[in-house]
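A.B. asks:
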Amino acid sequence: AQSVTQLDSQVPVFEEAPVELRCNYSSSVSVYLFWYVQYPNQGLQLLLKYLSGSTLVKGINGFEAEFNKSQTSFHLRKPSVHISDTAEYFCAVSPIGGSYIPTFGRGTSLIVHP
Amino acid sequence: KAGVTQTPRYLIKTRGQQVTLSCSPISGHRSVSWYQQTPGQGLQFLFEYFSETQRNKGNFPGRFSGRQFSNSRSEMNVSTLELGDSALYLCASSLDQGLAFFGQGTRLTVV
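In the order they appear, the protein sequences are chains A and B.
In my numbering, each residue carries its 1-based index in the first sequence increased by 26.
In my numbering, each residue carries its 1-based index in the second sequence increased by 1176.
1) Can you tell me whether DSSP reads Asn-87/A as helix, strand or coil?
2) Measuring only between beta-carbons, confirm whether Arg-1283/B sits less than 8 angstroms from chain A.
3) Going by C-alpha to C-alpha distance, which of Tyr-1225/B, Phe-1245/B, Gln-1212/B, Phe-1278/B sits closest to Gly-1260/B?
4) According to DSSP, is Ser-110/A helix, strand or coil?
5) Whose Cβ in chain A lies nearer than 9 angstroms to the Cβ of Gly-1242/B?
6) For my contact list, Val-83/A and Lys-75/A are in at a C-beta cut-off of 8 angstroms; report their separation, rounded to the angstrom.
7) Excluding sequence positions up to five away, which residues of its chain have a Cβ less than 7 angstroms from the Cβ of Phe-1236/B?
8) Three or more C-beta pairs under 8 angstroms: does that hold for the region 1238-1251 of chain B against the region 1214-1230 of chain B?
9) Which residues does DSSP list as the beta-bridge partners of Gly-1218/B?
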């Protein structure tokens, strides 16, 4: 079984500041890792994914994440946020070779202030 | 390529009624999963269908059921609605490697 912990339920930040949203996971098998974003009353949109290869993954909207196997972490970063980045962000893991059902964290609400 | 389409977007039902939600996956995707999202419980997995068979099931009561048709379209049904069933229901389709593409969801309100 897998579990995902998003360490911050809410992250307030000023526009143009850098941000890091933290994600730790636990799994008895190797996993794929994902970050999704959800805007109000919308579904989830894939930001980026780690399947294999380079541990630094670049996604859409200027976001990137780094997979750290030893620390079982997959933190999401952006060097300069915009008001439009205000949304809920979900980290998810999916077992490799398994049922492909992702397990989601509880989400982090990113609030960007002008 | 069209994305995942969920209908309807919004629904209001009365306690005790039943409801059916529909999901059309991305063309070529054979796996369809359903999730319930509430402020208190977050994203909870309901069930997954693959090639018309339920392949995985979450921890929900039998009032929640689903099916998948030969064209991969899926429906989920909730019978005897309770106030606590009010939620955003999300459908996701995937091809492989756990990469799920989500629809915009159906907002169900039970009054």
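Virtual Cβ for every residue (Gly too), placed ideally from N, Cα, C.
C.D. replies: So, to answer that:
1) helix
2) Interface with chain A (8 angstroms Cβ-Cβ cutoff): Arg-1283/B is included.
3) Nearest to Gly-1260/B by C-alpha distance, out of Tyr-1225/B, Phe-1245/B, Gln-1212/B, Phe-1278/B, is Gln-1212/B.
4) helix
5) Listed along chain A, no residue sits closer than 9 angstroms to Gly-1242/B by beta-carbon distance, the nearest being about 14 angstroms off.
6) 7 angstroms
7) Leu-1222
8) yes
9) Thr-1214/B
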